[in-house]
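Quick mapping for you: the protein sequence lines, in order, are chains R and H. Going by the working numbering, the first residue of the first sequence is number -13, and it counts up by one from there. Going by the working numbering, the first residue of the second sequence is number 480, and it counts up by one from there. Worksheet: one structure, shown below.
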Amino acid sequence: MQVTAIDKKAQQKRAKRKEQLLAFVLISPYFIIFVLFTVIPFVMGFVFSFMQYNPYMPEQNEFIGLDNFIEVFDPSDPISQRFWGSFSTMLAFCAVNTPLAILVPLGLAYLLNMHPPGFKIFRAIIYLPCVISVTINGIIFGNMFAGSSSGLINAWFGTEIKWLSGLPWENDFLRWFVILLANVWTCGGNFVILAAALRDVPKSLNEACEMDGGNRWTRFLYVTLPSIKPAVSICLFNSLIANLNLYGGPYVLNEIDNESLLVTPMMFIQNFLMGGVAYARQTGYLCAAAIVFGAIVIILSSIERKAMDGRKKRTKYTEEYAVARGNSYMIAKEEKDDAKEA
Amino acid sequence: MKKKFVSVLLAGVLSAASLGVFAACGGGSDGPITTGELKKDENGNVIFENVEIVCNTVVSGTDKDAFEQIVQQFNIEHRGEITVHSESIGDGTFETSVPQRISNNSNAPDLIMAHQKVLKSFENNDLLQPFDEVMELSGIEIDMEDYAEGLAQYSSLGEGDSLYAVPVDAQSMIVYYNKAKLEELGGKLPETRAELITLLQNAKDEYGSGFWPIAWATGNDYFARYVFPTAVLQNGGELFDTESLYAEWAEGENEDAFKDAIGSIRELIYDKNFAQYGRESVLEEYLSDNFLFYLTLPWSNNEHLSAYADEKGINVSEVSDYLGATSLSGWFAMDAVDPSANVVFGDSHFFAMSKTVQDINQKAAILEFIRYFTQNAEIGTQWARAGHVSASKIVSESQTYQSDSIVSHYFIHFYPDLDDFRCMGLTPAFKEVQTNLNALFVSAVGKSSITDGTISSEILRCQEEVNAIVDFIK
């Protein structure tokens, strides 16, 4: 009897091990790629940031401690000034595009949630641009808004407007407009998440609000919005990260119509790292700049997460709903939402 | 808690170990190594037996076909001796991918054909080796006396008397003129800026609105890249100090040269209204004969001639009855007697040898190929027809070159004296110089009205942009 129990235990152990092995095999392709293209480059970059490093002249490589970081934070260094200057580009873009990346898809999802005629077609149309890569998106918008008469918009209107080029301080608005348009065009990802969240909003809550005399706007503000908060939070987080790492779109647009007029921190680092052999001697400094940039992105994202967490307050209607359904139901739902967010 | 501690400890150990490994990577770079022995015949000529060399070239687009044709011809003529494998790598990635290949010795080229401006950075990072040793051992001589002085001056890459790079060609903006119109205006091409202004004024008076004495597309990137530096150099300016590498655009006489360059272009556009600003193409004026001078790029010469022939309903060979060729020499020089008044600025391809080549037979084969490409009159003519004027005096003085219909009608007139041809020169910060010249051109020439003070501050701003990078990469 005892032997059978031990056998059973061993069998369970074997089965568990087998399961673990299978899990390991299944995740190994991703894991290998993750190690090769994320972990190793990160460790190398981290190490290089403490070195005077030139990949072409290894005999000159030496450990220099925090010198590169000190240089990055040196306000009198013109290159560091450019690095920090590129943050203003990034932050300006974040400030404008992050709300847009939520508001536009939310508006569209809200409208389509009313199920107007042909809403399925619209849903597909709104999502479709998401399938296109950032590069292709940049090429499409770059060619549409190219400054020459070969640009589609200029060709249509017979104009030669320099949408993307010219002096940075002269045509900023037009260039930003094009980049924002290109980014908003690909808001399909957020649209899908928000549309799904809107469908999950309990009808009874809306009805309760309506019975209390709440109009459409009030219902949206006090019922819909709090109910879809987890989805908004996810979208906000994703959009913020994407905008902080702004690179592909402006890069392609710059390539099409001008050179390095729009420089975000990612572009600043990449422009030098991929700018040719002339900048090889500054690899260590650039790695330090990348580490600093990464740290700032982590801090900003954490602030965003904290801010969203801090707003976990029930509204009047969710409170009443909780009373009606029982507090345990609401607590379970909130836990589920938290898990989703995480 | 324990697990967390172990993870942190592991990460720390890993980082420290990596730091040690990478720091210890400085094994010291060996200089170029030469292995193997050369076989020679009784006359002392090297005997090649199935030597293979890989060439990475920056040449792309339509020129690539011409380049590959020449390589193929060489391979046929040297069957069983030398085979050249060429790979075209676009301008955008050449500077990153080729150094990586050489540095890692993975898929590394033996020979590179690059623009002059990038070679100093290659040399600074020990990616190249000089030709001196192989020339001495093989007896295959490449003498810089046989090449235009304007280009040969960059061949040592600033390393004393060593030969690191061999000039192949030259290219800059080319100028066609309308033969019929010029004939009506007296038939004499201008030799100085004053003569140019007079001629253009006559043309403007004669042909009125819709006609542009100069049809140029300043919106084309190459305009600012070639014409603006040409204007600066013709006025005695320097793009950077050859010793310190700093841009000194806002200093003393150099600032005057920059201002004169800007003024000379502005005068043609705004004061005299001889040319336009901002157009990206002026093909319409060209095809409708509404121009006296038309500026374009040399590698599109064939397309331009064909388009013109199609428009007129004539053969391409007949186009030379309608279009002549001339150069930008003296166009922007405010002082006609300035020794640099006839300078033309542009790009030039150079051959250089990768540091990875060790076998003496390969090194000699590389020299043989370079000699073939740059000193063979037929090949030089073929390459010129693709838009690249030969840097070699042996080629340019040959009968084959001078009697070729396309070369003689057009190419030998575009930059008539290559001793007056200038490239970017030996600075690793060439990109910044180029970008900021471009920015300066746009800011100083782009507006119809601008004060002298604004021009001065723009020159200073662009100079500081360049010098920040010079400090960064020095």
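Cβ atoms here follow ideal geometry from the backbone N, Cα and C, with glycine treated the same way.
Practice task
Taking all protein chains shown into account, decide if Y208/R is buried (16 or more other Cβ within 10 angstroms of its Cβ) or exposed.
Solution key: On the first sequence, position 222 is the one that residue 208/R refers to. When all chains shown are included, Y208/R counts as buried.
Practice task
Output the distance between the C-alpha atoms of S702/H and V921/H, rounded to the nearest integer angstrom.
Solution key: What you label residue 702/H is simply residue 223 of the second sequence in a count that begins at 1. What you label residue 921/H is simply residue 442 of the second sequence in a count that begins at 1. Contrary to the premise, residue 702/H reads as Phe rather than Ser in this sequence. Cα-Cα distance, rounded: 11 Å.
Practice task
Mind checking which residues open and close the beta strand (DSSP E) that includes F105/R?
Solution key: Sequence index remark: in the first sequence, residue 105/R carries index 119 (1-based). Per DSSP, F105/R belongs to no beta strand (DSSP E); it is in the alpha helix (DSSP H), 105 to 113.
Practice task
State the start and end residues of the unbroken alpha helix (DSSP H) segment that holds N129/R.
Solution key: Looking up residue 129/R in the first sequence gives position 143. Taken as a continuous stretch (DSSP letters only), the alpha helix (DSSP H) holding N129/R covers 120 to 130.
Exercise for the section: Could you name each continuous beta strand (DSSP E) segment of 3 residues or more that falls completely within the region 611 to 696 of chain H, going from the start of the chain to the end? Expected result: 644 to 646, 653 to 657, 691 to 694
Exercise for the section: Let me know the secondary structure DSSP gives I532/H once reduced to three states. Expected result: By 1-based counting over the second sequence, the position of residue 532/H is 53. Three-state DSSP puts I532/H in a strand.
Practice task
Could you spell out the range, first to last residue, of the alpha helix (DSSP H) harbouring M76/R?
Solution key: On the first sequence, position 90 is the one that residue 76/R refers to. Where M76/R is concerned, the enclosing alpha helix (DSSP H) stretches over 64 to 98.
Practice task
Just the C-alpha distance for A831/H and C173/R, rounded to the nearest angstrom, thanks.
Solution key: Position 352 of the second sequence holds residue 831/H. Position 187 of the first sequence holds residue 173/R. Spanning the two alpha carbons is a distance of roughly 49 Å.
Problem - Neighbour flag for G261/R against chain H, beta carbons, 9 Å - result: Here residue 261/R corresponds to residue number 275 of the first sequence, with the count starting at 1. So yes, G261/R belongs to the interface.
Exercise for the section: Kindly indicate which residue of Q268/R, V117/R, P216/R has the alpha-carbon position closest to the one of A293/R. Expected result: In the first sequence, counting from the first residue as 1, residue 293/R sits at position 307. Of Q268/R, V117/R, P216/R, the residue nearest in Cα terms is P216/R.
Exercise for the section: My understanding is that F69/R touches V58/R, with C-beta atoms under 8 Å, so please give their C-beta distance in whole angstroms. Expected result: As a position in the first sequence, residue 69/R is number 83, starting the count at 1. As a position in the first sequence, residue 58/R is number 72, starting the count at 1. F69/R to V58/R, Cβ: 7 Å. Contact.
Practice task
Could you tell me which chain R residues have their CB closer than 8 Å to the CB of L606/H, listed as they occur along the chain?
Solution key: Working through the second sequence from its first residue, we reach residue 606/H at position 127. Those within 8 Å of L606/H in chain R are Y42, V263.
Practice task
With 9 Å as the threshold, decide whether the Cβ of P64/R is near any Cβ in chain H.
Solution key: If you number the first sequence from 1, residue 64/R lands on position 78. Judged by the 9 Å Cβ criterion, P64/R is in contact with chain H.
Practice task
Take the Cβ of I568/H as the centre, count every other Cβ of all protein chains shown within 10 Å, and call the residue buried at 16 or more, exposed below.
Solution key: As a first step, residue 568/H is located in the second sequence; it is residue number 89 there, counting from the start. Its Cβ being crowded by 16 or more others within 10 Å, I568/H is buried.
Exercise for the section: Closer than 7 Å by C-beta to F258/R: which residues in its own chain qualify, once you throw out the five before and the five after it? Chain order, please. Expected result: The sequence position of residue 258/R within the first sequence is 272, counting from 1. Here the set comprises Y265, Q268, L272.
Exercise for the section: Assign T562/H to one of three DSSP states: helix, strand, or coil. Expected result: Working through the second sequence from its first residue, we reach residue 562/H at position 83. In this structure, T562/H counts as strand in the three-state DSSP scheme.
Problem - Close-in-space but distant-in-sequence residues of the same chain around N176/R (CB under 7 Å, 5 per side omitted) - result: As a position in the first sequence, residue 176/R is number 190, starting the count at 1. Apart from sequence neighbours up to five positions away, the residues of its chain that approach N176/R with a beta-carbon distance below 7 Å are A87, I88, P91, C221, S225, ordered along the chain.
Handout entry: Helix, strand or coil at Y265/R according to DSSP, with G and I counted as helix
Key = Position 279 of the first sequence, counted from the start, is the residue given in the question as residue 265/R. Helix, per DSSP.
Handout entry: Close beta carbons around K660/H, own chain, < 7 Å, minus the five adjacent residues each side
Key = As a working note, residue 660/H is residue 181 in the second sequence. Here the set comprises A682, L771.
Exercise for the section: Give, in chain order, every unbroken run of the beta strand (DSSP E) that is at least 3 residues long and sits entirely within the region 808 to 871 of chain H. Expected result: 828 to 833
Practice task
In angstroms with no decimal places, state the Cα-to-Cα distance between F501/H and T906/H.
Solution key: Working through the second sequence from its first residue, we reach residue 501/H at position 22. Working through the second sequence from its first residue, we reach residue 906/H at position 427. With a pLDDT of only 49 at F501/H, under 50, the local geometry of the prediction cannot be trusted, and the value read off the model is given with reservation. So the alpha carbons of these two residues sit roughly 29 Å apart.
Problem - Inter-residue spacing [alpha-carbon to alpha-carbon] between A(-9)/R and F10/R - result: Taking the first residue of the first sequence as 1, we reach residue -9/R at position 5. Taking the first residue of the first sequence as 1, we reach residue 10/R at position 24. Answer to the nearest angstrom: the Cα atoms are 28 Å apart.
Practice task
For chain H, find out if any of its Cβ atoms is closer than 9 Å to the Cβ of Q268/R; answer yes or no.
Solution key: As a working mapping, residue 268/R is identified with position 282 in the first sequence. Output row for Q268/R: interface = yes.
Exercise for the section: Measure the CB-CB distance between P692/H and S806/H and report whether it falls below 9 Å. Expected result: The residue given as residue 692/H occupies position 213 in the second sequence. The residue given as residue 806/H occupies position 327 in the second sequence. No.
Exercise for the section: Sort out for me which residues DSSP pairs I362/R with in a bridge. Expected result: In this structure chain R extends from -13 to 328, so residue 362/R is not present and cannot be described.
Problem - Distance CB(I891/H)-CB(V868/H) smaller than 9 Å - result: Locating residue 891/H in the second sequence gives position 412, where the first residue counts as 1. Locating residue 868/H in the second sequence gives position 389, where the first residue counts as 1. Their beta carbons are under 9 Å apart, which means I891/H touches V868/H by this criterion.
Exercise for the section: Pair every Cβ in the region 793 to 802 of chain H with every Cβ in the region 717 to 737 of chain H, then say whether three or more of these pairs are closer than 8 Å. Expected result: No, the region 793 to 802 of chain H does not touch the region 717 to 737 of chain H.
Practice task
Pull out every residue of the region 558 to 579 of chain H whose Cβ sits closer than 7 Å to any Cβ of chain R, in chain order.
Solution key: E574, T575, P578
Exercise for the section: May I ask you to report which of helix, strand or coil DSSP gives Q878/H? Expected result: In the second sequence, residue 878/H corresponds to position 399, counting from 1. Note: Q878/H maps to helix in three-state DSSP.
Problem - Proximity of G629/H and D898/H at Cβ, strictly below 9 Å - result: Here residue 629/H is taken as the residue at index 150 of the second sequence, counted from 1. Here residue 898/H is taken as the residue at index 419 of the second sequence, counted from 1. Contact: yes.
Practice task
Starting from the C-beta of A710/H, find all residues in its chain whose C-beta is less than 7 Å away, skip the five residues before and the five after it, and write them out in chain order.
Solution key: For the purposes of this step, residue 710/H is identified with residue 231 of the second sequence, where counting begins at 1. A740, S743, I744, F811, listed in sequence order.
Problem - Distance CB(L180/R)-CB(A276/R) smaller than 9 Å - result: Start at 1 with the first residue of the first sequence, and residue 180/R comes out as number 194. Start at 1 with the first residue of the first sequence, and residue 276/R comes out as number 290. No, they are not a contact pair.
Handout entry: Under 8 Å (Cβ pairs) to chain R, residues found in the region 827 to 856 of chain H
Key = none
Practice task
Between the Cα of R558/H and those of F527/H, L678/H, V533/H, N781/H, spot the shortest distance and give me the residue it belongs to.
Solution key: Against the second sequence, residue 558/H aligns to sequence position 79. Among F527/H, L678/H, V533/H, N781/H, the Cα nearest to that of R558/H is on F527/H.
Problem - Beta-carbon proximity check, F824/H vs A644/H, cutoff 9 Å - result: Within the second sequence, the letter at position 345 stands for residue 824/H. Within the second sequence, the letter at position 165 stands for residue 644/H. Taking 9 Å as the Cβ cut-off, F824/H and A644/H do not qualify as a contacting pair.
Handout entry: Same chain only: Cβ atoms within 7 Å of C504/H, ignoring 5 sequence neighbours per side
Key = Along the second sequence, read from residue 1 onward, the residue named residue 504/H stands at position 25. Reliability fails at C504/H, whose pLDDT of 46 lies under 50, so the model's placement of it is uncertain and the value that follows must be treated cautiously. Here the set comprises nothing.
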